[in-house]
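Numbering (this note's numbering), first residue to last: 120 to 336.
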């Protein structure tokens, strides 16, 4: 092989190597375009092991004006390093609401050493002082509370609280039934998965372990 042929061969190899990143960028751009336009169901095509329902698109919590009990903006940044169980409650806390609070508490506790990476957040559609406990019995057999403040203090100490008036509440939790579905929010503030009542708690724990293992949050 002549020096000219060798030089041409080396140049071709260098051009090929240099072209690989550009090709990857163009391919990724093309793929993302068709996903955004709805022409390609990437999740459906690849499949998913998640037992919860992925929200498409996910919702960024910062786009909604959540409030603390005193009306001040809820500080999403304070929970930025945690995965959060978001429990939405429309109106009063009925049997479905009480079941969600009990179930998410049990799942949280069942996560063992990973508990510290998880939080729970109760989101109502009005200030909590205006929400009444209307369930006929508690899941753990404890006496019925006189108020939601008493119920939270007695059995759910440490849960975060915020409210989101309509129509923001309906937009954020469009996938929820009547106080029967809770949501998972990632450390970046994306509400990205829903858990309806038919999902078994062991499947939820399996999802959480997978997400925690494969994330930095």
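In this text, a Cβ means the ideal position worked out from N, Cα and C, and glycines have one as well.
### Query
Among 294, 285, 273 and 219, which has the Cα closest to the Cα of residue 177?
The residue given as residue 177 occupies position 58 in the chain shown. Looking at the Cα atoms, 294 is the closest of the given residues.
### Message
With three or more beta-carbon pairs closer than 8 Å as the criterion, would you say the segment 280 to 300 touches the segment 187 to 202?
### Response
yes
### Query
Going by other Cβ atoms of all chains shown within 10 Å of its Cβ, with 16 needed for buried, is residue 273 buried or exposed?
By one-based count along the chain shown, residue 273 stands at place 154. With fewer than 16 other Cβ atoms within 10 Å, it is exposed.
#### Entry: Where residue 248 falls, given that 16 or more other Cβ within 10 Å makes a residue buried
Walking along the chain shown from the start, residue 248 turns up at place 129. Exposed, because fewer than 16 other Cβ atoms sit within 10 Å of the Cβ of residue 248.
### Query
How far does the beta strand (DSSP E) with residue 215 in it reach, from first residue to last?
By 1-based counting over the chain shown, the position of residue 215 is 96. Per DSSP, residue 215 belongs to no beta strand (DSSP E); it is in the alpha helix (DSSP H), 214 to 229.
### Task
Could you tell me whether the segment 294 to 313 touches the segment 204 to 217, where touching means 3 or more Cβ pairs closer than 8 Å?
yes
### Task
Less than 8 Å between the CB atoms is what I'm expecting for residue 297 and residue 209, so what's the real figure, rounded?
Position 178 of the chain shown holds residue 297. Position 90 of the chain shown holds residue 209. Right, the Cβ-Cβ distance comes to about 7 Å (below 8 Å), so this counts as a contact.
### Task
Measure the Cβ-Cβ separation of residue 323 and residue 171 and say whether it is below 9 Å.
As a first step, residue 323 is located in the chain shown; it is residue number 204 there, counting from the start. As a first step, residue 171 is located in the chain shown; it is residue number 52 there, counting from the start. In this structure, residue 171 lies closer than 9 Å to residue 323 by Cβ.
### Task
Assign residue 244 to one of two classes, buried (16 or more other C-beta atoms within 10 Å of its C-beta) or exposed (fewer than that).
Position 125 of the chain shown, counting from 1, holds the residue named residue 244. By the neighbour-count rule (16 or more Cβ atoms within 10 Å), residue 244 is buried.
### Query
Excluding the five sequence neighbours on either side, which residues of its own chain have a C-beta within less than 6 Å of the C-beta of residue 255, listed in chain order?
As a working note, residue 255 is residue 136 in the chain shown. Taken in chain order, the list of residues that qualify is empty.
### Residues sharing a beta bridge with residue 280, DSSP
The sequence position of residue 280 within the chain shown is 161, counting from 1. Note: residue 280 sits in a beta bridge opposite 241.
### Task
On the DSSP bridge assignment, give the partners of residue 179 in chain order.
Stepping through the chain shown from its first residue, residue 179 is reached at position 60. DSSP, once it has assigned bridges, lists 309 as partnering residue 179.
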